[in-house]
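**Q** Quick one: the structure is below, and I'll ask about it shortly.
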Amino acid sequence: MRLHPFVESVAKLQFENCFNPYTDRCEVHDRWDAPRRRSSVLSAMLHRAAEEPIDAIWIGRDLGYRGGRRTGLALTDDVHMVAHARRWGVQVGAERPTKGAAIAERTAAVIWSQLDQIDARIFLWNVFPLHPHEPGDCFSNRQHNARERCAGEELLQQLVGDLRPARIVAIGNDAAATAHRIANTTPVYCVRHPSYGGQTEFKAQVASLYKLSGCDSLF
1 MRLHPFVESV AKLQFENCFN PYTDRCEVHD RWDAPRRRSS VLSAMLHRAA EEPIDAIWIG
61 RDLGYRGGRR TGLALTDDVH MVAHARRWGV QVGAERPTKG AAIAERTAAV IWSQLDQIDA
121 RIFLWNVFPL HPHEPGDCFS NRQHNARERC AGEELLQQLV GDLRPARIVA IGNDAAATAH
181 RIANTTPVYC VRHPSYGGQT EFKAQVASLY KLSGCDSLF
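Be aware that the sequence shown starts at 1, since it is given in full-length UniProt numbering, and climbs by one per residue.
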């Protein structure tokens, strides 16, 4: 299957001190064909997402070195990669893009603790779709800069136009600022990022938004 044009666009992004999981291969953790594997899974998900209306795009900030850098999927670590693919009816091979033991990411664990309770078509993405890291330390996380944000926002606006979600759920302040800039008429709901003590509030807000059992409305 030919790659989705959106994946091809993301694969073309190149910035200093950034890892592009759809073209770059980590010499430490990646299998020899990891970029192809990550591109194929994301492409298949995009094709499935376009088949029927979707409830929301959940937006994070950047790919992290323990999560999306390895899987090529926003807000998703090794542990939850198969579950993510299964939500879209996408088959994932027996081998992950990475080798060795599966690595967990704290943010992904909290995100997926809520997603596992929600029966809705939710697409996950980030403001900046690559993994930005500190100079000389590719296994670190840094916040994207203004130039990187502009490139990411352009792609995010394209994604919203292609998938036409009923709403956008922005996770954290950086995602919220971007969501309001690119949303046009799409409703935006802002929730606390689960890191740095925000786990309880994030869970409560998502439970309220999706009317999970025993939760009062916060929106």
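All C-beta atoms in this analysis are idealised placements derived from N, C-alpha and C, irrespective of residue type, glycine included. This structure is a prediction, so every number in the text was calculated from the model and none was measured.
1. Give a yes or no on whether the C-beta atoms belonging to I57 and L209 are separated by under 8 Å.
2. Leaving aside the five residues before and after V110 along the sequence, list all residues of the same chain whose C-beta is less than 6 Å from its C-beta, in chain order.
3. Report the residue ranges of all alpha helix (DSSP H) runs contained in full by the UniProt domain "Uracil-DNA glycosylase-like" (113 to 201); include only those spanning at least 4 residues, in chain order.
4. Using C-beta distances below 8 Å, list every residue in its chain close to V147, excluding the 5 sequence neighbours before and after it, in chain order.
5. Starting from the Cα of A176, find the closest Cα among V28, I59 and S43 and give me that residue.
6. In angstroms, rounded to a whole number, what distance separates the CA positions of P187 and A166?
7. May I ask which residues mark the beginning and end of the beta strand (DSSP E) holding A56?
8. Taking the DSSP output, what are the residues bridged to D77?
9. Just confirm the distance between the C-beta atoms of R66 and E27, as a whole number of angstroms; I'd bet it's less than 8 Å.
10. Note the first and the last residue of the continuous alpha helix (DSSP H) segment covering S213.
11. Check for me: the alpha helix (DSSP H) holding T71 runs from which residue to which?
12. Among the residues of its own chain, which have a CB less than 6 Å from the CB of E134, if the five just before and after it don't count?
13. Can you list, in chain order, the residues of its chain whose CB lies under 6 Å from that of A74, leaving out five sequence neighbours each side?
14. Per DSSP, F19 forms a beta bridge with which residues?
15. With three or more beta-carbon pairs closer than 8 Å as the criterion, would you say the region 91 to 102 touches the region 17 to 31?
16. Just checking my contact of H144 with G152 at CB under 8 Å: how many whole Å lie between their CB atoms?
17. With R36 as the anchor, note down where its alpha helix (DSSP H) starts and where it stops.
**A** Walking through what the data contain:
1. no
2. P194 and Q199
3. 146 to 163 and 173 to 182
4. With the sequence shown as reference, residue 147 is identified as Arg, and Val is not the correct amino acid for it. These residues qualify, in order along the chain: F15.
5. I59
6. 7 Å
7. A56 to G60
8. In the DSSP output, where bridge partners are listed per residue, D77 has none listed.
9. That belief does not hold up - the Cβ atoms of R66 and E27 are roughly 17 Å apart, past 8 Å.
10. No alpha helix (DSSP H) contains S213, which DSSP labels as neither H nor E.
11. G68 to T71
12. S140 and R142
13. G60, G68, L124, W125 and N126
14. H131
15. yes
16. 7 Å
17. A34 to A49
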